[in-house]
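Numbering (the working numbering), first residue to last: 111 to 190.
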């Protein structure tokens, strides 16, 4: 489905991720940068969110020196 300006997010289907048969809520974020930048990004996210899962760093395609990692986070409970 093509989107036009002003319709950001329209038509998106929101489904919880699942671990086996147990629903896992949260956001999935992809970080791309140098290994040091990706690590710093994960550390910064940990200050704001509860980290559920952090993948290993995968090399980006081609001659890039960058890596990518996938982070699943949840909003922290109030007071944590």
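Just so you know, even glycine gets a beta-carbon here, dropped at the ideal spot from N, CA and C.
Query	Result
Proximity of residue 162 and residue 148 at Cβ, strictly below 8 Å	no
Residue 186 versus residue 144 - alpha carbon distance	27 Å
Nonlocal neighbours in the same chain, by C-beta distance under 6 Å from residue 139, ignoring five residues either side	181
Pairwise C-alpha distance: residue 160 and residue 169	25 Å
Alpha-carbon to alpha-carbon, residue 177 and residue 156	19 Å
Cα-Cα separation, residue 189 to residue 150	24 Å
Short Cβ contact (8 Å threshold) for residue 179 with residue 141	yes
Distance, residue 152 Cα to residue 136 Cα	15 Å
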